[in-house]
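Contents: one structure, followed by commentary.
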Amino acid sequence: MSHDAGPVEGGNKKIALLIGILALFLAFSEQGGNESQTNSLAANVEASNLWAFFQAKTVRGTAVRSAQEALEVQMELTQDPAAKALMQKRIDAWKATVARYDSEPETQEGRKELAARAKASEEKRDLYARKHDHYEVSSAALQLAIVIASSSIITGIAALVWVAAGLGVFGMAFMAIAVFAPMAVHLF
167 MSHDAGPVEG GNKKIALLIG ILALFLAFSE QGGNESQTNS LAANVEASNL WAFFQAKTVR
227 GTAVRSAQEA LEVQMELTQD PAAKALMQKR IDAWKATVAR YDSEPETQEG RKELAARAKA
287 SEEKRDLYAR KHDHYEVSSA ALQLAIVIAS SSIITGIAAL VWVAAGLGVF GMAFMAIAVF
347 APMAVHLF
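Per the numbering used here: the sequence shown = residues 167 to 354.
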C-alpha cells in the first residue's frame, strides 16, 4: 500500500458514514410516507362512508317529508275529526323524524353532524396526503444523495460528496416539513 491510500481510506469511511446516515433518514422518510398514505386512504374511506350516510339520511328525510305532505293534503279533504286527529298525530311524528334526520347531536348521526364529521375526515385526508407528498420528495432526495455519495467513492470526485450532502439536507428538510408543517409548502 502506498502512502496516498491512507487519506483516501479515511475519506471513504467518512463517505460511508454519510451514506449510512442518509440511509437511516431514508428509512424514516419511507416509513413516514407509508404511514401517511395509509392514514390518508383511511380518512378518505371514512369521509366517503359519512357522505354516503348523509345521503341516505337525505333520501329518508325526503321520503318522509313527501309522505307527510301527501297526508297533509289528504287531511284537508277529510271531514272526520277522529281521522284528522290520527293524521295529525302521524304528521307530527314524521316532522319529528325529519327534524331528527337533519340534526341529532346526541348520536352525531343527523345530516348536520354527518356533514361536519365528513368534512373533518376530508381535512385529515388532505393533511395526510400533503405529508405523503413531502415524504416522497424527501425520499427521492435522500435516494439521490446515496447514489451520488456512492459515486464519489468510485470516481474520487470530492464535489459529489458536497452535492450528496446538500441533497441529504434538502431531503431531511422536506421530512421535517412533512412532520411539523405539512400544509406550509404546497408542491403539487
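Where is the CB? At the ideal position from N, CA and C, for every residue including glycine.
- For Val327, the enclosing alpha helix (DSSP H) begins and ends at 324-346.
- One thing to note: Arg291 has its Cβ no nearer than 8 Å to the Cβ of Met349.
- Taking the Cα positions, Tyr267 is about 27 Å away from Ala249.
- The region 330-338 and the region 249-259 do not touch, with fewer than 3 CB-CB distances between them shorter than 8 Å.
- Between the region 191-209 and the region 295-309 there are three or more C-beta pairs closer than 8 Å, enough to call the two in contact.
- Looking at the backbone, the Cα of Gln240 and that of Asn205 are separated by about 52 Å.
- Counting the other Cβ atoms within 10 Å of the Cβ of Ala222 gives fewer than 16, which makes it exposed.
- In the DSSP assignment, Glu279 falls within the unbroken alpha helix (DSSP H) covering 277-321.
- Here Leu326 really is in contact with Ser317; their C-beta atoms are around 6 Å apart, less than 8 Å.
- When the beta-carbon positions are compared, Leu353 and Phe191 stay at least 8 Å from each other.
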